[in-house]
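Trainee: Submitted below is the structure of interest, expressed as structure tokens.
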Amino acid sequence: MAITLETATPGSLDEVVEAVALWQHDGGGVQVHPGDLGWNWSFGADRLAQDVRFWRRDGEIVAAGMVDDESRLIRMSLSEAVGEDEEFAQRLHDDLVADAGVLPGGVSSVEARYGPAFRDLLRRTGWTDDEPWAPLVLDLGEPVPEHGLRIEIAGPDDVEERAAVQRAAFPTSTFSPERWHAMAAAAPYRRARCLLGYDERGNAVATTTVWSAGPGRPGLIEPLGVHHEHRGHGHGVSITRAAAVALRELGSSMATVCTPAANTGGVAAYAAAGFERLPDATDFRRPD
16 MAITLETATP GSLDEVVEAV ALWQHDGGGV QVHPGDLGWN WSFGADRLAQ DVRFWRRDGE
76 IVAAGMVDDE SRLIRMSLSE AVGEDEEFAQ RLHDDLVADA GVLPGGVSSV EARYGPAFRD
136 LLRRTGWTDD EPWAPLVLDL GEPVPEHGLR IEIAGPDDVE ERAAVQRAAF PTSTFSPERW
196 HAMAAAAPYR RARCLLGYDE RGNAVATTTV WSAGPGRPGL IEPLGVHHEH RGHGHGVSIT
256 RAAAVALREL GSSMATVCTP AANTGGVAAY AAAGFERLPD ATDFRRPD
């Protein structure tokens with residue numbers, strides 16, 4: 016069995032996106048999704064490629080991860096084909112800790128929400144629980160309740176407003192029209208939509224981007240926010256339901272989201288919109 020680790024190039028990103036899309040399945044854990052790659056593509060293909068690692072087994076991509084150099088975290092996504100493969104899990108582990116592997120000196124923490132063999136190996140080798148995250152899911156087999164906002168699909172003519180609401184929802188956001196155009200030109204966005212929500216006075220009060228992985232697979236909400244001047248009116252619940260409607264129209268089986276467990280307001284909004292909270296998932300921190 017030949018296993019190779021590669022750093023992505025701009026030219027290989029589309030192949031990685033399609034592989035990651037195929038690994039999304041109901042009940043498989045909220046692991047790295049094409050939408051995560053698509054959102055980070057807004058910083059440019061060159062930068063994203065520098066952060067993406069992927070593993071081939073006998074020529075086929077079977078695992079991929081996004082590296083955050085600053086925190087030395089890698090966020091992983093695995094194929095079902097290697098979920099129970101102990102030999103592959105050992106190779107992943109070795110590449111994560113080796114100086115010449117994923118990062119010089121190895122990674123400090125791993126987000127691994129799927130892969131029984133890999134998760135079990137991390138625990139057996141002393142990796143400990145890190146920050147808890149709250150995964151939430153909504154089955155899209157039934158119609159989504161009404162949401163009460165006027166929803167527009169944001170296109171090239173709306174990017175100034177789309178970016179402005181994003182920055183008003185997240186104080187540290189650097190989202191811009193230029194970043195939107197980079198994101199919208201990338202492969203994952205072919206199965207995505209940006210939504211703007213307007214209140215009865217015509218104010219743009221909330222925004223989100225939804226990402227399909229293809230018909231019959233879980234879709235992702237990333238990101239979602241309410242303008243800081245328009246909070247406290249139920250717009251968080253409304254834009255969440257609008258996001259679910261959009262994913263249902265795109266053929267997604269479920270709407271998924273994962274937010275820090277400490278984000279009690281966000282968790283409450285998703286729950287109020289009908290999402291089911293799954294057991295918290297934690298990252299794994301490397302033993303000292």
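Under our numbering, the residues of the sequence shown are numbered 16 to 303, in order.
By construction, the Cβ of each residue, glycine as well, lies at the ideal position given by its N, Cα and C atoms.
Only a predicted model underlies this, so the values are computations on that prediction, with no experimental measurement involved.
Just curious, the beta strand (DSSP E) that residue 296 is in, first and last residue?
Mentor: The residue labelled residue 296 in the question sits at position 281 within the sequence shown. Here the beta strand (DSSP E) through residue 296 covers 296-300.
Trainee: For residue 280, is the classification buried or exposed, using 16 other Cβ atoms within 10 angstroms of its Cβ as the cut-off for buried?
Mentor: As a position in the sequence shown, residue 280 is number 265, starting the count at 1. Exposed.
Trainee: Between the C-alpha atoms of residue 128 and residue 150, what's the straight-line distance to the nearest angstrom?
Mentor: Here residue 128 refers to the residue found at position 113 when the sequence shown is read from its first residue. Here residue 150 refers to the residue found at position 135 when the sequence shown is read from its first residue. Approximately 10 Å, taken between the alpha carbons.
Trainee: How would you call residue 269, buried or exposed, if buried means at least 16 neighbouring beta carbons within 10 angstroms?
Mentor: Indexing the sequence shown from 1 puts residue 269 at position 254. The residue is buried, with at least 16 neighbouring Cβ atoms inside 10 Å.
Trainee: What residue range does the alpha helix (DSSP H) around residue 184 cover?
Mentor: As a working mapping, residue 184 is identified with position 169 in the sequence shown. Start and end: 174-184.
Trainee: Inspect the CB distances between the segment 20-33 and the segment 164-173 and report whether three or more fall short of 8 Å.
Mentor: no
Trainee: Could you work out which residue in 264, 253, 190, 233 is closest to residue 174 when comparing CA atoms only?
Mentor: The sequence position of residue 174 within the sequence shown is 159, counting from 1. The shortest Cα separation from residue 174 among 264, 253, 190, 233 belongs to 190.
Trainee: Measure how close the beta-carbons of residue 197 and residue 57 come, nearest whole angstrom, since I'm counting them as under 8 Å.
Mentor: Residue numbering aside, residue 197 sits at position 182 when the sequence shown is read from its first letter. Residue numbering aside, residue 57 sits at position 42 when the sequence shown is read from its first letter. The pair is a contact, with the Cβ atoms about 5 Å apart (cut-off 8 Å).
Trainee: Classify residue 135 as helix, strand or coil using the three-state DSSP reduction.
Mentor: Here residue 135 refers to the residue found at position 120 when the sequence shown is read from its first residue. If DSSP states are grouped into helix, strand and coil, residue 135 belongs with the helices.
Trainee: Note down, one range per segment and in chain order, each beta strand (DSSP E) of at least 3 residues found wholly within the segment 240-277.
Mentor: Taken in chain order, the complete beta strand (DSSP E) segments of 3 residues or longer contained in the segment 240-277 are 269-275.
Trainee: Measure the CB-CB distance between residue 234 and residue 267 and report whether it falls below 8 Å.
Mentor: Counting from 1 along the sequence shown, the entry for residue 234 is found at position 219. Counting from 1 along the sequence shown, the entry for residue 267 is found at position 252. Yes, the Cβ-Cβ distance between residue 234 and residue 267 is below 8 Å.
Trainee: Over what stretch of residues does the alpha helix (DSSP H) that includes residue 285 continue unbroken?
Mentor: Position 270 of the sequence shown holds residue 285. Taken as a continuous stretch (DSSP letters only), the alpha helix (DSSP H) holding residue 285 covers 279-287.
Trainee: Using DSSP's beta-bridge definition, name the partner residues of residue 150.
Mentor: Taking the sequence shown and counting its residues from 1, the one referred to as residue 150 is at position 135. Note: residue 150 sits in a beta bridge opposite 273.
Trainee: What residues in its chain sit with their C-beta under 7 Å from that of residue 226, if we drop five residues either side in the sequence?
Mentor: Within the sequence shown, residue 226 is the residue found at index 211, counting from 1. Cβ neighbours of residue 226 beyond the five flanking positions: 48, 49, 50, 53, 203, 206, 207, 234, 235, 237.
Trainee: Please state the DSSP three-state secondary structure of residue 155.
Mentor: On the sequence shown, residue 155 is found 140 positions in, with the first residue counted as 1. Residue state, collapsed to three classes: coil.
Trainee: Going straight from the alpha carbon of residue 304 to that of residue 102, what length do you get?
Mentor: Since the first residue shown for the chain is 16 and the last is 303, residue 304 is missing from the structure and cannot be characterised.
Trainee: Please work out which residues of its chain come closer than 8 Å, Cβ to Cβ, to residue 219, disregarding the five sequence neighbours upstream and downstream, and give them in chain order.
Mentor: Here residue 219 refers to the residue found at position 204 when the sequence shown is read from its first residue. Within the same chain, residue 219 has close Cβ partners 176, 179, 180, 211, 212, 213, 242.
Trainee: Could you please give me the residues that DSSP links to residue 78 through a beta bridge?
Mentor: Taking the first residue of the sequence shown as 1, we reach residue 78 at position 63. Answer is 70, 93, bridged to residue 78.
Trainee: In the DSSP assignment, find the alpha helix (DSSP H) that holds residue 125 and state where it starts and stops.
Mentor: Position 110 of the sequence shown, counting from 1, holds the residue named residue 125. First-last for residue 125: 124-126, but that is the beta strand (DSSP E), not the alpha helix (DSSP H).
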